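What follows is a single structure, written as structure tokens, with notes after it.
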């Protein structure tokens, strides 16, 4: 079982993937996500899976670390497969209200949707565990730089997003501690849905208090460091694009084009 605190957390390793520039990795991630959305056959699915396996090998990470976030999507994948099995029909072009008619074709379509979603989340998680938060923020600021003339404060948006992403492992760990504390006080897990809903109150209230306390501490820390979202921030990272980044971009573009061609 993979601890929730490891999901999306940066793991420092000397590897090819870790040494790439964050901007190049961001473009490669977008190309791979577009390739995942273009999967319509077993050949294209095999190509994307092979590229993901190659990325794991080049990152020198354990596969469980790269694909650990899939466990959080099992319920969503099951619901997507069930809804496609009940409502999706190949002979209906579209519409808001479709009469339910379970078909095997709908189940197959749900499996394809689940495969695309699993690969997309796996690529995003691999990007997060192989890129430091500071470089992720700087890369996002670089991609948002063309829009600065249209809106103020865009420099602070990537920082807020990265802080929110990095708060997820802390929230999971805090929730586990609260759950263990409540169980030590005699809380029991009931099988009935109504009883489980009532049991959530002693978990949700302390968890929200902890989240708000941490958010207040973080806001004070940013204020002490004179953080201003409307002021351009300087970077201590040297942005260099070399042969490694060029090779990664060419390989990602080739895979995307091949998947689009095969379909």
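In my numbering, the protein residues as written are 2 to 264. Heads up, the beta-carbon is just placed ideally off N, CA and C, and yes, glycines get one too. Nothing here was measured: the structure is a model prediction, and the numbers come from that model.
| query | result |
| --- | --- |
| Residue 185 classed as buried or exposed, judged by whether at least 16 other C-beta atoms fall within 10 angstroms | exposed |
| contact_flag[the region 50-62, the region 121-129] where n(CB pairs < 8 Å) is 3 or more | yes |
| Identity of the residue in 106, 72 and 23 nearest residue 82 by Cα | 106 |
| Helix, strand or coil at residue 63 [DSSP, three-state] | coil |
| Residue 15, DSSP secondary structure in three states | coil |
| Expected contact under 8 Å - CB spacing of residue 85 and residue 108 to nearest Å | 7 Å |
| Cβ-Cβ distance between residue 255 and residue 33 below 9 Å | no |
| Check whether residue 159 and residue 172 have beta carbons under 9 Å apart | no |
| Distance between residue 46 and residue 253 (C-alpha atoms, nearest Å) | 15 Å |
| Nearest-angstrom beta carbon gap, residue 139 and residue 23 [assumed within contact, 8 Å] | 6 Å |
| CB contact flag (residue 263, residue 211, <9 Å) | no |
| Between the CA atoms of residue 104 and residue 19 - distance to the nearest angstrom | 45 Å |
| Local conformation of residue 245 per DSSP, three classes | helix |
| 8 Å contact criterion, which residue 11 and residue 133 should meet: CB distance rounded | 5 Å |
| Whole alpha helix (DSSP H) elements within the region 112-150, 4-residue minimum | 134-145 |
| Nearest neighbour of residue 181, chosen from 162, 31, 144 and 204 [CA to CA] | 204 |
| Beta-carbon contacts of residue 26 that lie in its chain and below 7 Å, excluding the five residues immediately before and after | 128 and 132 |
| Identity of the residue in 53, 77 and 187 nearest residue 123 by Cα | 53 |
| CB contact flag (residue 168, residue 215, <9 Å) | yes |
| Runs of alpha helix (DSSP H) lying entirely within the region 19-66, each at least 4 residues, in chain order | 23-38 and 43-60 |
| Between the CA atoms of residue 201 and residue 148 - distance to the nearest angstrom | 42 Å |
| Nearest residue (CA-CA) to residue 111, options 13, 41 and 50 | 41 |
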